Amino acid sequence: MKQDKLIKLFLNELPNPELEQKILFEQNAELAGESYCISKSEEDFLIQAGDEKGFAYGVQTLAEWLRGNEDAEFPEQGICGSPEVKVRGVDRFIMNTDDEEWWLTEEYWEQYIQMLALSRINRLCFATGFDTEYLSPPYPFLCRDGKRALTRQHR
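Per the working numbering, the sequence shown runs over residues 53 to 207.
If you want it as structure tokens, here you go:
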């Protein structure tokens with residue numbers, strides 16, 4: 053299976069690099085996007101997923117489990133997961149001259165985006181402007197069903 057950057061990032065989180073050779077990947081059309089199931093045989097771990105992000109999150113979950121349960125038996129029923137919320141995002145604001153330096157380096161953005169990926173953030177809203185709120189993006193809590201603004205009776 054061709055591994056995308058996100059999968060490679062999470063493979064680097066494994067507590068032992070040799071474990072990468074013991075992970076098998078299998079596409080499972082019954083699993084929704086970003087969903088995964090991990091099972092273990094005698095020798096290998098099998099990660100089934102509905103898409104590439106599911107494989108990546110499966111690897112991340114396995115790495116987290118292995119780091120926290122070094123001496124424990126892998127759960128017989130396996131580990132399955134899927135996101136509770138489809139869009140998980142953060143806002144990053146560049147508003148004035150005080151912000152001129154931090155965002156100029158490629159190193160900053162590589163570390164920042166890696167941190168977002170490790171936190172399973174899948175959306176970054178980047179806002180620029182002056183020291184005012186009128187250029188800020190609207191937030192989901194201002195809308196009902198993502199379609200119309202809330203009235204006083206809905207608050």
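Beta carbons: idealized from backbone N, C-alpha and C, even for Gly. Keep in mind it's a predicted model, so treat the numbers as computed, not measured.
| Check | Outcome |
| --- | --- |
| What does the alpha-carbon distance come out to for the pair asparagine 121 and tyrosine 160? | 32 Å |
| Kindly confirm or deny that the stretch 89-100 and the stretch 137-147 touch, where touching means at least three C-beta pairs closer than 8 Å. | no |
| State the CB to CB distance for the pair serine 91 and glycine 102, rounded to an integer number of angstroms; the pair is presumed to be in contact (CB under 8 Å). | Not confirmed; about 16 Å, so no contact. |
| Name, in chain order, the residues that DSSP records as bridge partners for leucine 76. | Leu98 |
| Where does aspartate 66 sit, in a helix, a strand or coil, going by DSSP? | For the sequence presented, residue 66 should be read as leucine rather than aspartate. Residue state, collapsed to three classes: coil. |
| Starting from the C-beta of asparagine 174, find all residues in its chain whose C-beta is less than 6 Å away, skip the five residues before and the five after it, and write them out in chain order. | Arg140 |
| Using DSSP with H/G/I as helix, E/B as strand and the rest coil, what is phenylalanine 145? | strand |
| Counting only beta-carbon separations shorter than 7 Å, does aspartate 96 have a partner in chain B? | The structure shown contains no chain B; it holds only a single protein chain. |
| What is the residue span of the beta strand (DSSP E) that isoleucine 131 lies within? | 131-133 |
| For arginine 172, which residues in the same chain have their Cβ closer than 8 Å to its Cβ, ignoring the five residues on either side in sequence? | Tyr109, Gln112, Pro135, Arg140 |
| Would you list the one or two residues that DSSP bridges to isoleucine 90? | Ile99, Ile131 |
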